[in-house]
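Position in the sequence shown (first residue = 1) + 3 = my numbering. Everything below concerns the one structure shown next.
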Amino acid sequence: MSEAQDLSNTSHSSLIDTLTTILGADNIITDEGERAYYSQDVYNQGPPVLAVIQPDSKEKLAQAVAACTSADVALFPRGGGFSYTDGYIPTTSNGVTVDTRKMNRIVEINTEDMYVTVESGCTWAALDEALADKNVRPIFWGPFSGLNATVGGSMSQGSLTYGSSKWGPSGVAAECMEVVLADGSIVTTGSAGQPNHSPFFRHYGPDLTGLFCNDAGALGIKASVTLRLQRRSPVVMGLSYAFEEFDGLHKGMAAAAREGLPTEAFGFDSVVMKVFTGGQGLAQDLKTLWAVGMAGRNIFAGAWQMLKIALAGKRFIDKAEYTAHFICEARDMREMKSHLNALRKAVGPHGNEIVNTVPAVVRAYPFPPFSLLGTSGERWVPLHGILPFSRVAEFQEKLSALHSRYQEQMDTHKIITASMFTTLATNGFLYEPVFYWEDSREPFHDRHTDPEMLKKLTDFPTNMDGRALVEEMKKGIIDCFYSCGGTHMQIGKVYPYTRERDAGAMAMVKMLKTHVDPKGLMNPGALGL
Ligand SMILES: Cc1cc2nc3c(=O)[nH]c(=O)nc-3n(C[C@H](O)[C@H](O)[C@H](O)COP(=O)(O)OP(=O)(O)OC[C@H]3O[C@@H](n4cnc5c(N)ncnc54)[C@H](O)[C@@H]3O)c2cc1C
């Protein structure tokens, strides 16, 4: 055990005592196994930290942060822990993980001024449930992982899915924030930053809320976030298309995005569709159909929808090389018809319309309990880049060439790849290559897998060569994105935010980091700082 990990070290044990006094004994974890678990994410792991702290208020969070930085100990903020770009992975064992999930209160729902303020550890699923009977939701209302993922985590790393094909990534919903800086002070951004002002509006002078969006926790720890609300739409419907080639999918999804109509848009290649729809068995299929039918009572034409799915859904999806799925919202059927007509006009020339199974299932189960493994227990990791529509074809060519170069090695090391796609507002195409490979599981995966499911999974032997190849290919794909002008959310400690960045802009970012975190103790390594 290194000196930093040795809790009998006087300065460390006195820090643990101080943290215990601030937080209470139930809100600090020093158990060795737990510290190791908190230092892992879906893909990677770092050194175990000294302790995991679980503050239950912003005041205690602020005191704990100040105590750690005074002792020259680093802080690694963690929300739901459902990321895979080393975002909260410790870069030193001389650190403390801040688990924000006990700060999960909904502070204020204001349907007159159309905002909701939540503590950062609130999950998207819990927020959605709390807002349901008020008939409102934030303009971005969560990622697929929202059962576990927190509002603070998504705001800090940048997320997409619900609402993002219309509005853009998660940060667009943020109005104001309270952020704890390295010295334990709390800054308030947006309109709430003046006395007698509520947190209703973001854009007032330089955008300090925007500064903390996508900062990977490198600038501070979010204590609370205020999100802009919108009314829930009474009419929600989906359209799905099949495409023979990637070119059709790309052009169809781009055309739909330019119309600004879908609230969500998802594209999948045939490998992903097999993983999603394969191996569920009749019982699960029926359960899914039932849930879709129930959702249909309000938002889909229920019985008809179920019949269509039962008769045709899987059959069409199984055959297509690529599929894309669009969800639209409207005030009434007349408006919906106009949306769907415009969408059909945009996407129709590039593909064939198929039964809309996927949109229906997605909206029936917006936050499903995801497995973090492939269907047989394979390891799994996605990466992504956001491209302008004009450079997607160039990226596709580069990616295909990279796959061809590696195909033989991938076969040898039992690696397969798949791809998912989405669009962000009217101007971003997100390409998400996904790796599956046979390899041993980590405690992180076991803990997040249903025990019954765990029994059925194959225990693959450790595959260090396969793992190394995935890492090498990931780096190659990130280079392809870079050469095609791609950007990234979820920068964590992986994506090349600082590479060749404009010198003046880089100097500003570094100066800012030094101002809010002079000792470099807030998530060191995040954003590449
Ligand atoms: C099965 C699965 C499905 C997914 N689906 C989606 C999807 O649909 N869309 C999508 O965009 N992503 C998706 N993801 C990725 C990820 O879950 C999301 O991006 C999610 O927003 C991460 O939230 P989290 O609370 O788990 O954050 P964490 O993983 O805990 O942290 C993410 C980053 O934010 C920082 N952070 C966390 N909380 C704070 C805070 N309070 N203050 C400052 N920094 C903080 C961490 O240090 C880290 O850098 C998925 C992941 C999985 C495993």
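Positions of the beta carbon are idealized from the N, C-alpha and C atoms, including for glycine. This one's a predicted model, so the numbers in the text were calculated from it and none came from an experiment.
Range of the contiguous beta strand (DSSP E) that encloses residue i
i	result
P141	V139 to P141
C331	Y325 to A333
V358	Taken as a continuous stretch (DSSP letters only), V358 belongs to no beta strand (DSSP E), as it is neither H nor E.
G98	G98 to D102
M240	V238 to F246
L390	G388 to L390
Proximity to residue i [Cα-Cα], best of the options
i	options	result
T191	G156, S162, G166 and V228	V228
K458	E411, T378, H416 and K496	T378
L232	D210, A67, W170 and S273	W170
L78	S86, Y87 and I56	I56
A363	G36, F215 and L242	L242
V512	A221, G155 and G196	A221
G166	H518, G174 and S159	G174
C125	S157, V395 and N97	S157
C483	Y434, P369, A506 and R382	Y434
V497	Q160, G507 and T120	Q160
T120	N359, G193 and L264	G193
G380	N430, A345, L130 and D453	D453
L472	K348, E455 and Q412	Q412
S86	M106, V110 and V45	V45
I224	R81, M276, V275 and P265	R81
V556	G213, A226, Q197 and G196	The displayed coordinates of the chain run from 4 to 532. Any statement about residue 556 would go beyond what the structure contains.
Residue i Cβ short of 7 Å to ligand 1 heavy atom set
i	result
Y539	Residue 539 falls outside the range modelled here, since the chain spans only 4 to 532, and no answer is possible.
I109	no
G523	no
R205	no
T192	no
F143	no
A128	no
N526	yes
G84	yes
I32	no
G495	yes
G171	no
T153	yes
G156	yes
K478	no
A268	no
T72	no
L22	no
P515	Note on residue identity: the sequence assigns Leu, not Pro, to residue 515. False, no ligand heavy atom lies under 7 Å from that Cβ.
K225	yes
S162	yes
T420	no
L346	no
S123	yes
A65	no
G98	no
L532	no
T103	yes
Residue range of the alpha helix (DSSP H) that includes residue i
i	result
W440	Element bounds for W440: not the alpha helix (DSSP H) but the beta strand (DSSP E), G431 to W440.
A28	Segment: none, A28 is in no alpha helix (DSSP H) and carries neither H nor E.
C216	Per DSSP, C216 belongs to no alpha helix (DSSP H) and is neither H nor E.
I56	Not the alpha helix (DSSP H): I56 falls in the beta strand (DSSP E), residues A54 to I56.
C179	From DSSP, C179 is part of no alpha helix (DSSP H) but of the beta strand (DSSP E) over A177 to V183.
Y40	E35 to Y41
I480	M467 to S486
Distance cut-off 7 Å: residue i Cβ against heavy atoms of ligand 2
i	result
S148	For the structure depicted, ligand 2 is absent and the ligand set comprises only ligand 1.
Is it a yes or a no for the region 230 to 247 touching the region 124 to 140, going by three-plus beta-carbon pairs under 8 Å?
-> Counting Cβ pairs under 8 Å, three or more are found: they touch.
Would you check if there are 3 or more beta carbon pairs closer than 8 Å linking the region 354 to 365 to the region 245 to 260?
-> yes
Count the CB pairs spanning the region 197 to 209 and the region 463 to 471 that are closer than 8 Å, and state whether there are at least three.
-> no
Kindly confirm or deny that the region 46 to 64 and the region 100 to 118 touch, where touching means at least three C-beta pairs closer than 8 Å.
-> yes
Should the region 32 to 45 be regarded as contacting the region 59 to 76, the criterion being three or more beta carbon pairs within less than 8 Å?
-> These segments do not touch.
Would you be able to state if there are at least three C-beta pairs under 8 Å between the region 410 to 426 and the region 512 to 525?
-> Segments in contact, no.
At a cut of 8 Å, does the region 385 to 393 reach the region 333 to 350 through at least three beta carbon pairs?
-> no
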